[in-house]
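**Student:** As given, the protein sequences belong to chains R and B, one line each in that order. Heads up: the first sequence begins at 1 in UniProt numbering, then just goes up one per residue. Heads up: the second sequence begins at 1 in UniProt numbering, then just goes up one per residue.
Protein chains: 2
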Amino acid sequence: MRTAFYISDGTAITSEVFGHATLSLFPVDFNHKTIPFVETEEKANEIKALINATAAKEGEKPFVFFTFVNHNLSEIIKSADAVAYDFLSTYSEKIQKELDVAPVPKMHRTHSIHEKSYDFRIDAVNYALMNDDGGNIKNFSEADIILVGVSRSGKTPTSLYLALQYGIKAANYPITEDDLESEGLPKCLLPYKHKLFGLTIDPERLAAIRHRRMANSKYASIRQCRIEVREVEMLYKRHKISYFNSTHHSVEEISAKILIDSNLERRKY
Amino acid sequence: MRTAFYISDGTAITSEVFGHATLSLFPVDFNHKTIPFVETEEKANEIKALINATAAKEGEKPFVFFTFVNHNLSEIIKSADAVAYDFLSTYSEKIQKELDVAPVPKMHRTHSIHEKSYDFRIDAVNYALMNDDGGNIKNFSEADIILVGVSRSGKTPTSLYLALQYGIKAANYPITEDDLESEGLPKCLLPYKHKLFGLTIDPERLAAIRHRRMANSKYASIRQCRIEVREVEMLYKRHKISYFNSTHHSVEEISAKILIDSNLERRKY
Chain R
1 MRTAFYISDG
11 TAITSEVFGH
21 ATLSLFPVDF
31 NHKTIPFVET
41 EEKANEIKAL
51 INATAAKEGE
61 KPFVFFTFVN
71 HNLSEIIKSA
81 DAVAYDFLST
91 YSEKIQKELD
101 VAPVPKMHRT
111 HSIHEKSYDF
121 RIDAVNYALM
131 NDDGGNIKNF
141 SEADIILVGV
151 SRSGKTPTSL
161 YLALQYGIKA
171 ANYPITEDDL
181 ESEGLPKCLL
191 PYKHKLFGLT
201 IDPERLAAIR
211 HRRMANSKYA
221 SIRQCRIEVR
231 EVEMLYKRHK
241 ISYFNSTHHS
251 VEEISAKILI
261 DSNLERRKY
Chain B
1 MRTAFYISDG
11 TAITSEVFGH
21 ATLSLFPVDF
31 NHKTIPFVET
41 EEKANEIKAL
51 INATAAKEGE
61 KPFVFFTFVN
71 HNLSEIIKSA
81 DAVAYDFLST
91 YSEKIQKELD
101 VAPVPKMHRT
111 HSIHEKSYDF
121 RIDAVNYALM
131 NDDGGNIKNF
141 SEADIILVGV
151 SRSGKTPTSL
161 YLALQYGIKA
171 ANYPITEDDL
181 ESEGLPKCLL
191 PYKHKLFGLT
201 IDPERLAAIR
211 HRRMANSKYA
221 SIRQCRIEVR
231 EVEMLYKRHK
241 ISYFNSTHHS
251 VEEISAKILI
261 DSNLERRKY
C-alpha cells in the first residue's frame with residue numbers, strides 16, 4: 001500500500017484533513033502517517049530520510065502533504081523522493097493578490113491555544129460534562145442548546161463534539177419512559193423549549209447499541225426500542241421541537257446539522 | 001469585515017479547515033460563515049443569492065472555499081460574485097496523473113459514519129467518559145493510554161479529544177496529595193506503567209484555573225499549586241514517565257504530542 005505523509009511544524013491537522021480529503025476522492029487505499037512538530041532542520045532531514053526509505057521499500061513515491069512556516073524546512077521536505085504538495089502556498093499567492101496584503105506566516109496560528117475561541121471551547125467541554133445526561137438542570141439557563149432523546153440516541157458524543165470543536169455549551173437530557181407516558185415535556189425543560197433539539201434513531205440500531213450495554217434486557221429489546229422511538233418522535237412533533245435521525249450520521253454530521261438548523265454561531269477561530 | 005464562506009454538500013469541515021488555515025496566513029480579520037449540506041440546485045442558488053447580497057453589502061467580494069461532489073452545484077457557486085476556490089480539484093488533477101486512476105467522488109466520504117474508524121471513535125468516547133478521573137480502574141487493561149496529573153492539569157479535555165478525533169482509548173487518573181506524599185505511584189497504576197503519560201502545568205496557570213472552580217480555597221492557592229506541580233514532576237522523573245507541560249498548548253497540540261511520543265496509531269480513517 002502506498003504511503004501518504006502529513007507533515008508540519010505544528011499539529012499537522014490541516015495537512016491531515018486536506019490530504020485525506022483529496023486522496024479519498026480516489027478508490028485507492030493508503031497507509032496514512034502523520035508527523036507533527038517538525039521544527040528543526042535536523043528533524044526535517046530525519047523525516048526526509050524516512051520518506052526516502054519508504055519510497056525505496058514500497059517501490060513508489062509516497063505522497064507528502066506539508067505546511068511549514070520556515071522556508072528552509074519546506075525545501076528539505078520538497079527535496080525528498082516523494083510527490084510533495086505545499087498545498088497552502090498555492091492559494092496563499094492567489095489570496096495575496098486579491099487582498100493586496102502580504103502573508104505573515106506565524107508558528108502555531110491554527111489549532112493552538114492562541115485562537116480566540118480556545119477558552120470558550122474548554123469551558124464548553126467542562127459544561128458538557130457537568131450537564132451530561134440531565135446531570136445539573138440548574139445550569140440550563142447557560143446552555144446554548146439542550147439535546148434531548150431516549151437513552152443511547154447519540155446525545156453525549158454530540159454534546160462533546162459541539163463543545164470541543166465549536167465552543168457550544170450543549171447540555172443533554174434523557175427522555176425516560178415516565179416522560180413518554182405522561183406525553184408532556186419534563187418540567188425542568190419547559191422554560192427552555194426554544195433551546196431544545198431532539199435526536200432520534202432507528203429502533204433496530206438503538207436495540208443493537210443498547211444490547212451491547214445491557215444484553216438481553218427489556219431496555220435493549222426491539223419492542224421497547226420501537227415504543228420509545230415512536231413516542232419520542234410524537235413528543236417532538238407535539239411540542240414542535242426540531243429533531244434529526246442520527247442513525248446513518250456521524251457526530252460531525254449531526255453537529256453540523258444542529259448548528260445550521262438552530263442558527264448557532266460557531267465559536268471556532 | 002470581509003466575509004469568508006465555507007460551503008459543501010457535506011459537513012463543510014474540510015472547506016473550513018483548509019480555508020481558515022489559508023486565510024490565517026494573512027494579518028486580516030474575516031467574518032467566517034460555514035454552510036453545510038448544500039445538496040440541491042435550489043439550495044445552491046439560495047446560497048449564491050446570499051453571497052451576492054454579502055458582496056453588495058460589504059462592497060467587496062467574499063472569499064468562498066467550496067467542495068461539491070455534484071458538478072452542477074459547483075458551477076452555481078462559482079458563478080456567484082465572489083473569489084471562489086474549488087480547492088480540492090486543483091490537487092485531484094495532479095494526483096490523478098500521478099496515480100493513473102480516475103477520481104470517483106462520492107457523497108459524504110469524509111467525516112461520515114462510513115469511515116472505518118467511526119465505531120472505534122464512539123467506543124473510545126464512551127470509554128473516556130467511563131474512565132474519567134480514575135472512575136473505573138478495572139478497565140485500565142483496555143486503555144491505549146492513561147493520562148496522569150494533578151487536578152485540573154488538562155487530562156479530561158485531552159482524553160476526550162484523543163477519543164473523538166482519533167479513536168484512542170484514553171483513561172485518566174488524578175494524582176492526589178496522598179500519592180505525592182508517599183512518593184510512589186498509586187498501586188492501581190503499577191501494572192500499567194508503560195501506558196502512563198504525565199501532564200504538568202505552570203503553577204500560576206493551575207492556580208488561576210482552580211480559582212475559577214473553587215475561589216480562595218487551599219486547593220487553588222499558589223503555594224499548594226507550586227507544591228503539587230513540583231512533586232508531580234519529581235514523581236514523573238523518578239518513575240521515568242514521559243510528560244508534557246500543557247500550559248501554553250491546546251488540546252490539539254497536547255494530543256498530537258502524546259500520539260507521536262507514545263507511538264500510538266491514530267484510528268482516524
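Ideal Cβ positions, reconstructed from N, Cα and C, are used throughout, including at glycine.
What in chain R is Cβ-close to residue 201 of chain B, meaning under 7 Å?
**Tutor:** The sequence position of residue 201 of chain B within the second sequence is 201, counting from 1. Correct list: empty, because the minimum Cβ distance to chain R is about 12 Å.
**Student:** Round the Cβ separation of residue 99 of chain R and residue 63 of chain R to the nearest angstrom and send it over; I've been treating them as touching at under 8 Å.
**Tutor:** Numbered from 1 along the first sequence, position 99 holds the residue referred to as residue 99 of chain R. Numbered from 1 along the first sequence, position 63 holds the residue referred to as residue 63 of chain R. Wrong, their Cβ atoms sit about 30 Å apart, outside the cutoff.
**Student:** By the three-class DSSP mapping on this structure, what secondary structure does residue 264 of chain B have?
**Tutor:** Start at 1 with the first residue of the second sequence, and residue 264 of chain B comes out as number 264. Residue state, collapsed to three classes: coil.
**Student:** Any beta-carbon of chain B closer than 7 Å to the one on residue 50 of chain R?
**Tutor:** Counting from 1 along the first sequence, the entry for residue 50 of chain R is found at position 50. Output row for residue 50 of chain R: interface = no.
**Student:** Would residue 124 of chain B and residue 187 of chain B be called neighbours here (beta carbons separated by less than 7 Å)?
**Tutor:** Numbered from 1 along the second sequence, position 124 holds the residue referred to as residue 124 of chain B. Numbered from 1 along the second sequence, position 187 holds the residue referred to as residue 187 of chain B. Their beta carbons are not under 7 Å apart, which means residue 124 of chain B does not touch residue 187 of chain B by this criterion.
**Student:** Going by CA-CA distance only, name the one from R:205, R:182, R:236 that's closest to residue 195 of chain R.
**Tutor:** Position 195 of the first sequence, counting from 1, holds the residue named residue 195 of chain R. Residue 195 of chain R has its Cα closest to that of R:236, out of R:205, R:182, R:236.
**Student:** List the residues of chain B that residue 11 of chain R touches, going by C-beta distances under 7 Å, in chain order.
**Tutor:** Residue mapping note: residue 11 of chain R aligns to position 11 of the first sequence, counting from 1. Per Cβ cutoff of 7 Å: 252, 253, 256.
**Student:** Closest by CA to residue 203 of chain B, which one among B:216, B:215, B:189, B:221?
**Tutor:** Here residue 203 of chain B is taken as the residue at index 203 of the second sequence, counted from 1. When only C-alpha atoms are compared, the closest one is B:221.
**Student:** Using the C-alpha atoms, what's the distance from residue 249 of chain R back to residue 164 of chain B?
**Tutor:** Here residue 164 of chain B refers to the residue found at position 164 when the second sequence is read from its first residue. Here residue 249 of chain R refers to the residue found at position 249 when the first sequence is read from its first residue. Going from the Cα of residue 164 of chain B to the Cα of residue 249 of chain R covers about 15 Å.
**Student:** From residue 7 of chain B to residue 251 of chain B, what distance separates their C-alpha atoms?
**Tutor:** The residue labelled residue 7 of chain B in the question sits at position 7 within the second sequence. The residue labelled residue 251 of chain B in the question sits at position 251 within the second sequence. The alpha-carbon atoms of residue 7 of chain B and residue 251 of chain B are separated by roughly 26 Å.
**Student:** Which of helix, strand or coil does DSSP assign to residue 166 of chain R?
**Tutor:** For this step, residue 166 of chain R is matched to residue 166 along the first sequence. Here residue 166 of chain R sits in helix by DSSP.
**Student:** Can you tell me whether DSSP reads residue 20 of chain R as helix, strand or coil?
**Tutor:** For the purposes of this step, residue 20 of chain R is taken as residue 20 along the first sequence, with counting starting at 1. Residue 20 of chain R falls in the helix class under three-state DSSP.
**Student:** For residue 104 of chain R versus residue 232 of chain R, is the C-beta spacing smaller than 7 Å?
**Tutor:** Here residue 104 of chain R corresponds to residue number 104 of the first sequence, with the count starting at 1. Here residue 232 of chain R corresponds to residue number 232 of the first sequence, with the count starting at 1. Not in contact: residue 104 of chain R and residue 232 of chain R (Cβ atoms no closer than 7 Å).
**Student:** With H, G and I counted as helix, E and B as strand and the rest as coil, what does DSSP make of residue 61 of chain B?
**Tutor:** Taking the second sequence and counting its residues from 1, the one referred to as residue 61 of chain B is at position 61. Correct three-state label for residue 61 of chain B: coil.
**Student:** Just how far apart, CA to CA, sit residue 19 of chain B and residue 11 of chain B?
**Tutor:** Translated into positions along the second sequence, residue 19 of chain B becomes position 19. Translated into positions along the second sequence, residue 11 of chain B becomes position 11. Roughly 14 Å separates the two Cα atoms.
**Student:** In angstroms with no decimal places, state the Cα-to-Cα distance between residue 127 of chain R and residue 210 of chain R.
**Tutor:** Taking the first residue of the first sequence as 1, we reach residue 127 of chain R at position 127. Taking the first residue of the first sequence as 1, we reach residue 210 of chain R at position 210. Whole-angstrom Cα-Cα distance: 26 Å.
**Student:** Please report how far the alpha carbon of residue 44 of chain R lies from the alpha carbon of residue 243 of chain R, in whole angstroms.
**Tutor:** Against the first sequence, residue 44 of chain R aligns to sequence position 44. Against the first sequence, residue 243 of chain R aligns to sequence position 243. Looking at the two C-alpha atoms, the distance is approximately 49 Å.
**Student:** Please determine, among R:192, R:208, R:197, R:37, the residue with the shortest C-alpha to C-alpha distance to residue 73 of chain R.
**Tutor:** On the first sequence, residue 73 of chain R is found 73 positions in, with the first residue counted as 1. It is R:37 whose Cα lies nearest to the Cα of residue 73 of chain R.
**Student:** Please report the straight-line C-alpha distance between residue 129 of chain R and residue 135 of chain R, rounded to a whole angstrom.
**Tutor:** Taking the first residue of the first sequence as 1, we reach residue 129 of chain R at position 129. Taking the first residue of the first sequence as 1, we reach residue 135 of chain R at position 135. Roughly 8 Å separates the two Cα atoms.
**Student:** Spell out a yes or no on whether the stretch 48-56 of chain B and the stretch 80-93 of chain B are touching, meaning 3 or more CB-CB pairs, one atom from each, closer than 8 Å.
**Tutor:** A contact exists between the stretch 48-56 of chain B and the stretch 80-93 of chain B.
**Student:** Return no unless some Cβ of chain B is closer than 7 Å to the Cβ of residue 98 of chain R.
**Tutor:** Here residue 98 of chain R is taken as the residue at index 98 of the first sequence, counted from 1. Judged by the 7 Å Cβ criterion, residue 98 of chain R is in contact with chain B.
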